[in-house]
Amino acid sequence: MSFVEIRALRKQFGPVTALDGIDLDIAGGSRTVVVGPSGCGKTTLLRLIAGFEAADAGRIAIDGEPVVDGAAAVPAHKRNIGIVAQDGCLFPHLSVAGNITFGMTEDAAIRQARAGELMEMVGLDRSMLTRRPDELSGGQQQRVALARALARKPRLMLLDEPFSALDTGLRATTRKAVGDVLRAEGIATLLVTHDQAEALAFADQVAVMRAGRLMQFGPPREVYGRPVDPATAAFLGEAIILPATIGDGHADCALGRLPADVANGFAGQATIMLRPEQIGLVEGEGGVRAKVAEAGFRGSASELRIVLCDDQGITLTIEVPSSRDLPIGEEIGLQVSGKAHVFA
Amino acid sequence: MTSFVDNRPMLVSRPWFLAGTRGTYLIAIVIALFALMPLGFVFWATAVTGWETASQLIFRPRVGELMGNTLLLVIVTVPVTMILATVLAWLTERSDLPFARFWSVLCVAPLAIPAFVHSYAWIGLWPGFHGLPAGIAISVTAYFPFLYLPISAALRLLDPALEDQAASLGLSDAAVFRRVVLPQLRLSILGGGLLVGLHLLAEYGLYAMIRFDTFTTAIVDQFQSTYNGVAANMLALVLVLCCLVLLAVDAGLRGRRRYARIGPGVARQVRRTSLGAWRYPCLLLPIAAVFFALGVPALTLSRWLVAGGAAIWRMDEIGLALGQTLVICLVGGLATTAAALPIAWLSVRRPSRRSRVIEGCYYLASSMPGVVVALALVTITVRVALPLYQTVATIVIAYMIMFLPRALISLRASIAQVPAELEQAAASLGRSPARALWATTVRLAAPGAAAGVALSSLGIMNELTATQMLAPNGTRTLAMAFWALTSEIDYAGAAPYALLMILFSLPMTALLHHQSKKIAGR
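What follows is the structure, given as structure tokens:
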């Protein structure tokens with residue numbers, strides 16, 4: 572049995588259906604990322620798990636103990652679930668130490684000692700304990716928020732886009748630091764984000780949401796390489812979507828005959844997906860012929876928009892190392908590696 | 002002969018944006034010196050009197066009695082008002098109390114009723130109600146809106162995410178209120194409490210009518226009966242010291258720390274706490290508060306108006322008083338707002354230590370009771386500027402000193418909303434600094450200035466103490482006429498004046514309520 576069990580969870584805000592029957596299982600000690608465009612209901616899901624909102628229907632159980640069962644719910648303060656919010660949400664009237672020890676019930680001396688340990692755990696200096704939240708940088712605020720949530724040894728940690736307010740460099744390092752601390756503590760974590768790159772980098776399991784529904788749930792590689800539909804494919808990264816005829820474990824499309832991940836001996840018309848990194852250039856006259864229509868220089872790589880010579884109606888966007896200088900109008904040969912993904 | 006040099010832009014040694022700042026400072030400082038005159042006068046009068054006479058006049062049983070009365074009044078009324086206003090604000094803003102919006106308007110409405118009309122209303126219903134209990138009860142009903150307004154605004158501004166966060170850290174609702182909500186309301190509660198305390202020290206009419214002696218009533222009596230300057234001055238000294246102690250206590254409790262809201266997160270709509278079975282019993286509190294603060298004045302007034310019939314509407318006298326009141330309010334309001342303009346602009350556009358000190362002077366000056374301001378201006382005009390004694394100019398200066406912060410707050414908020422870049426854009430399009438200021442900030446801040454005029458006019462309309470002592474001969478404002486008639490026990494005849502004061506205050510009270518909502522972003 573999984574650590575967190577969510578069954579048929581529903582929530583409406585007036586006429587808007589925020590959650591339309593969500594089923595989700597989170598394994599103990601794992602990292603799960605819920606990803607989706609804004610407004611897809613992912614924050615509502617998190618707030619229901621935390622106990623900040625009441626569900627309309629459905630069930631949430633943590634470690635076998637139900638916390639939401641239809642309209643009945645355990646109040647937020649009795650769930651022992653930690654949460655780190657988007658802006659850190661530190662109490663402005665308390666110092667860093669006051670924030671970290673806020674939820675602790677031990678004696679003052681133990682609290683102070685533990686606050687110091689927690690500061691070190693999240694990679695901050697103990698001397699910062701006396702500071703005020705507004706004297707910290709954004710990344711430091713997030714680390715303090717994490718320390719505050721860890722102080723109560725929560726059984727589940729919820730992260731509500733905690734890195735999105737940070738600038739790019741800081742985002743990656745803070746994310747790694749937070750992830751490492753949570754893994755070391757063995758706390759199951761649920762991260763909510765709209766940033767697909769962050770989701771793929773952080774997760775053991777990715778849950779893709781759209782319009783209040785869970786579209787797909789699985790390991791990052793699986794979700795990225797074998798998305799359930801074209802919209803999910805496009806949300807998780809650049810995708811080349813082509814019509815194809817399937818037969819004999821292969822797909823016949825504008826890029827030729829490609830091996831496909833087709834199941835059950837399916838044959839007939841279907842839509843397939845390739846990721847841009849599956850497409851490479853071949854030297855000489857071989858491969859599928861195409862012409863460069865636009866070229867954008869991106870530093871280490873160039874982004875090319877190309878038109879197939881045989882079928883002028885099909886344009887693709889691919890990335891090539893920028894060391895190859897390809898002027899507009901140049902004819903090139905393409906080669907596909909790996910399998911094409913067939914949408915069922 | 003004109004040289005070509007004349008056609009080049011003149012080089013100014015200081016950057017253009019500093020031009021005009023010095024002149025503005027000068028005006029602001031001169032106004033500050035005027036404002037501090039009453040405070041300076043009290044200490045000067047003490048020095049002139051000499052220690053021996055002063056100590057004889059200060060350390061006597063009568064002063065001890067007044068001190069006891071005043072202290073008890075402040076010590077009981079301020080905390081009771083704080084608790085009442087906080088509970089009411091929480092009920093109307095954060096609980097599922099039935100008709101919460103309606104109660105929130107009714108909790109602000111008593112601001113339209115002058116404090117002395119409250120005691121007029123109470124003794125109309127309970128003629129035997131006198132002394133300290135009456136003083137406390139009437140003060141609480143008259144002044145709780147002063148605290149309700151800022152506390153409910155602060156409650157609306159709180160970020161509900163902080164409360165969610167506290168709940169996730171294991172705090173029950175009650176603990177969240179105590180450890181997260183209350184600390185963030187602290188500044189509003191203290192600020193409102195200080196305001197109420199200063200009003201308690203300065204109010205004359207409310208306590209005179211129920212025959213409860215405070216320093217202010219004693220000074221006015223002294224001034225009116227014997228014109229014994231020294232005795233009144235020494236009482237004023239003690240009163241001023243009381244005000245200063247109150248300011249110091251407030252500053253001490255407040256601390257230096259302001260709570261900045263961190264993070265850019267958009268505040269979520271607040272969730273109202275369900276009162277459950279208490280939902281209807283909780284209605285008793287707003288009902289009781291509104292009954293005493295609005296119902297009692299309404300009952301008394303309608304009783305006298307019905308009993309008096311048409312006979313009490315002596316339109317010639319009422320018309321005259323109304324006309325004089327409106328003129329004095331308008332002139333005073335305009336002058337006060339004009340006086341606030343330099344410091345409002347400086348404190349927003351050129352914030353510095355110096356501008357904060359000047360601003361502090363205005364706040365300090367306005368916390369002096371009207372009776373002290375009047376006493377100072379009477380003495381000063383009689384001694385050094387007799388032609389100004391009992392003229393409109395003197396009374397307008399008194400209003401300026403007393404009500405400048407009201408205009409300042411509105412002005413500052415509206416100037417702060419005009420981006421400084423607009424001034425710079427106007428300058429880049431060839432306007433001089435003064436004309437750039439006029440074309441952008443002044444135009445756009447006009448609604449704030451109008452609100453400033455309205456709020457200071459409201460104060461002036463209901464002002465009694467200083468107006469009585471300073472008004473030119475033959476002047477009879479609504480408040481003065483009301484007071485004169487109640488002193489002759491013509492309660493029915495006074496009713497139309499009370500009604501008019503309330504009617505004219507209502508729009509401005511609505512404005513105050515609206516402003517507090519706007520601050521909260523709704």
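Note that the protein sequences, when read in sequence, are chains A and B. One rule links them: number in my numbering = place in the first sequence (from 1) + 571. One rule links them: number in my numbering = place in the second sequence (from 1) + 1. Beta carbons are placed, not taken as given, at the ideal position from N, Cα and C, and that holds for glycine. Given the structure is predicted, the values throughout are model-derived calculations rather than measurements.
Applying the 10 Å Cβ sphere with the 16-neighbour rule, what's the burial state of residue i?
i	result
B/His515	exposed
A/Val587	exposed
A/Ile597	buried
B/Tyr281	exposed
B/Gln418	exposed
A/Lys910	buried
A/Ile899	exposed
A/Gly730	Position check: residue 730 of chain A holds Leu in this sequence, whereas Gly was assumed. Classification for A/Leu730: buried.
B/Arg413	buried
A/Asn670	buried
B/Thr487	buried
A/Arg746	buried
B/Ala452	buried
B/Ile490	exposed
B/Arg436	exposed
B/Glu360	buried
A/Ala915	exposed
A/Pro663	buried
A/Pro791	buried
B/Arg61	exposed
B/Ile76	exposed
Put residue i into one of helix, strand or coil per three-state DSSP.
i	result
A/Val799	coil
B/Val358	helix
B/His514	helix
A/Asp627	coil
A/Cys611	coil
A/Asp705	helix
B/Val49	helix
A/Thr603	strand
B/Ile139	helix
B/Thr478	coil
B/Ala496	helix
A/Gln583	strand
A/Ser908	coil
B/Ser96	strand
B/Ile461	helix
A/Val693	coil
Does any C-beta atom of chain C lie closer than 8 Å to the C-beta of residue i?
i	result
A/Ala621	Although the question refers to chain C, the structure presented lacks it and instead comprises the protein chains A and B.
**Request:** Tell me the start and end of each unbroken alpha helix (DSSP H) in the region 209-288 of chain B that is at least 4 residues and wholly inside, in chain order.
**Result:** With a minimum length of 4 residues, the continuous alpha helix (DSSP H) runs that stay inside the region 209-288 of chain B are 216-226 and 230-255.
**Prompt:** If you measure beta-carbon to beta-carbon, which residues of the region 272-290 of chain B are closer than 8 Å to chain A?
**Reply:** Of all residues in the region 272-290 of chain B, none places a beta-carbon less than 8 Å from a beta-carbon of chain A.
**Message:** Output needed in chain order: residues of the region 160-173 of chain B with a Cβ under 8 Å from some Cβ in chain A.
**Reply:** From the region 160-173 of chain B, only Asp160, Ala162, Leu163, Asp165, Gln166, Ala167, Ala168, Ser169, Leu170, Gly171, Leu172 and Ser173 have a Cβ closer than 8 Å to chain A.
**Request:** May I ask you to verify whether the region 401-410 of chain B touches the region 449-458 of chain B, counting CB pairs closer than 8 Å and requiring at least 3?
**Result:** Contact annotation: the region 401-410 of chain B touches the region 449-458 of chain B, with at least three C-beta pairs closer than 8 Å.
**Request:** Pair every Cβ in the region 462-469 of chain B with every Cβ in the region 479-487 of chain B, then say whether three or more of these pairs are closer than 8 Å.
**Result:** Yes, they touch.
**Asked** For the region 373-442 of chain B, which segments carrying the alpha helix (DSSP H) assignment without a break, of at least 4 residues, lie completely within its bounds, in sequence order?
**Response** Scanning the region 373-442 of chain B from its first residue to its last, the whole alpha helix (DSSP H) runs of 4-plus residues come out as 393-418, 421-429 and 434-438.
**Message:** Threshold first: 4 residues or longer. Then list the alpha helix (DSSP H) segments lying entirely within the region 148-206 of chain B, N to C.
**Reply:** Uninterrupted alpha helix (DSSP H) stretches at least 4 residues long and entirely within the region 148-206 of chain B occur at 161-169, 174-177 and 183-203, given in chain order.
**Whole runs of the alpha helix (DSSP H) within the region 712-795 of chain A, excluding any shorter than 4 residues** = As far as the region 712-795 of chain A is concerned, its whole alpha helix (DSSP H) runs of at least 4 residues are 739-756 and 767-773.
**Item:** 4-residue-minimum alpha helix (DSSP H) runs that sit fully inside the region 790-872 of chain A, ordered along the chain
**Value:** Taken in chain order, the complete alpha helix (DSSP H) segments of 4 or more residues contained in the region 790-872 of chain A are 791-796 and 801-807.
**Message:** Three or more C-beta pairs under 8 Å: does that hold for the region 617-625 of chain A against the region 702-716 of chain A?
**Reply:** No, the region 617-625 of chain A is not in contact with the region 702-716 of chain A.
**Asked** Can at least three beta-carbon pairs, one atom from the region 685-704 of chain A and one from the region 624-641 of chain A, be found at a separation below 8 Å?
**Response** No, the region 685-704 of chain A is not in contact with the region 624-641 of chain A.
**At least 3 beta-carbon pairs within less than 8 Å: the region 147-159 of chain B vs the region 626-640 of chain A** = Counting Cβ pairs under 8 Å, fewer than three are found: no touch.
**Request:** Return the chain-ordered ranges of every beta strand (DSSP E) run that is complete within the region 293-330 of chain B and spans a minimum of 3 residues.
**Result:** If only complete runs of 3 or more residues are kept, the region 293-330 of chain B shows no beta strand (DSSP E) anywhere.
**Request:** Below 9 Å between beta carbons is the criterion; list the residues of the region 592-613 of chain A that meet it against any residue of chain B, in chain order.
**Result:** Flagged: no residues at all.
**Message:** Please list, in chain order, the residues of the region 176-194 of chain B that have any C-beta partner in chain A closer than 9 Å.
**Reply:** For the region 176-194 of chain B, the beta-carbon criterion of a distance under 9 Å to any beta-carbon of chain A is satisfied by Ala176, Val177, Arg180, Val181, Pro184, Gln185 and Arg187.
**Request:** Report yes or no: do the region 760-780 of chain A and the region 805-812 of chain A share at least 3 C-beta pairs separated by less than 8 Å?
**Result:** The region 805-812 of chain A and the region 760-780 of chain A touch, with three or more beta-carbon pairs separated by less than 8 Å.
**Request:** Decide if the region 231-247 of chain B is in contact with the region 210-217 of chain B; the criterion is three or more beta carbon pairs, one per stretch, under 8 Å apart.
**Result:** Taking a contact to require three or more Cβ pairs closer than 8 Å, the region 231-247 of chain B and the region 210-217 of chain B qualify as touching.
**Prompt:** Given a limit of 8 Å on CB to CB distance, which residues of the region 639-653 of chain A reach chain B?
**Reply:** Under the 8 Å Cβ criterion, the region 639-653 of chain A contributes Pro646, Ala647, His648, Lys649, Arg650, Asn651, Ile652 and Gly653.
**Item:** Against chain B: residues of the region 654-680 of chain A by CB proximity under 7 Å
**Value:** With the criterion set as a beta carbon lying under 7 Å from some beta carbon of chain B, the members of the region 654-680 of chain A are Ile654, Ala656, Gln657, Asp658, Gly659, Cys660, Leu661, Phe662, Pro663, His664, Phe673 and Gly674, in sequence order.
**Prompt:** When the Cβ atoms of the region 90-97 of chain B are set against those of the region 129-139 of chain B, are three or more pairs found closer than 8 Å?
**Reply:** With the cut-off at 8 Å, the region 90-97 of chain B and the region 129-139 of chain B do not touch.
**Asked** Which residues, in chain order, does the region 691-713 of chain A contribute to contact with chain B at a C-beta distance below 7 Å?
**Response** Flagged, chain order: Pro704, Asp705 and Gln712.
**Request:** Pull out every residue of the region 723-739 of chain A whose Cβ sits closer than 9 Å to any Cβ of chain B, in chain order.
**Result:** Here the close residues are Arg723, Pro725, Leu729 and Ala736.
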